[in-house]
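Structure first, then comments.
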Amino acid sequence: MHDGGVMTERYVKNSGDPAAEEGVLLRETAENAHHFIGCLNRMMATLEKDFHEIFKPERFCIDIENERKARVAKRNA
Numbered sequence: 008m009h010d011g012g013v014m015t016e017r018y019v020k021n022s023g024d025p026a027a028e029e030g031v032l033l034r035e036t037a038e039n040a041h042h043f044i045g046c047l048n049r050m051m052a053t054l055e056k057d058f059h060e061i062f063k064p065e066r067f068c069i070d071i072e073n074e075r076k077a078r079v080a081k082r083n084a
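All residue numbers in the sequence shown are consecutive under the numbering used here, ending with 84.
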């Protein structure tokens with residue numbers, strides 16, 4: 008755990024990072040941030056793609072969504 012980006016004693020003890028020092032500002036590199044966002048994008052794409060294999064869609068829900076889309080399209084026309 009860190010406090011506003013500053014390493015606490017607990018963070019240093021639990022991090023497993025031998026270079027971690029209490030009181031030091033914790034920062035990530037732009038490269039790590041981009042890598043993390045890329046991982047999140049892949050996870051979301053996989054979830055979106057496979058969602059209906061895990062949770063079979065109910066016809067009732069599909070009908071409701073189609074009706075909603077039709078109402079929105081009519082309103083925006």
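We put the CB at the ideal spot given by N, CA and C, even for glycine.
What did DSSP end up calling residue 10 once you bin it into helix, strand or coil?
Here the question's residue 10 lines up with position 3 in the sequence shown. In this structure, residue 10 counts as strand in the three-state DSSP scheme.
Beta-carbon proximity check, residue 16 vs residue 35, cutoff 8 Å:
Here residue 16 is taken as the residue at index 9 of the sequence shown, counted from 1. Here residue 35 is taken as the residue at index 28 of the sequence shown, counted from 1. Not in contact: residue 16 and residue 35 (Cβ atoms no closer than 8 Å).
Which same chain residues, not among the five before or five after residue 33, have their C-beta less than 8 Å away from its C-beta?
Here residue 33 is taken as the residue at index 26 of the sequence shown, counted from 1. Excluding sequence neighbours, residue 33 sits near 9, 12, 13, 14, 18.
Let me see if you follow: with CB-CB separation under 8 Å, is residue 82 close to chain C or not?
Of the chains in the structure shown, none is chain C; there is only one protein chain.
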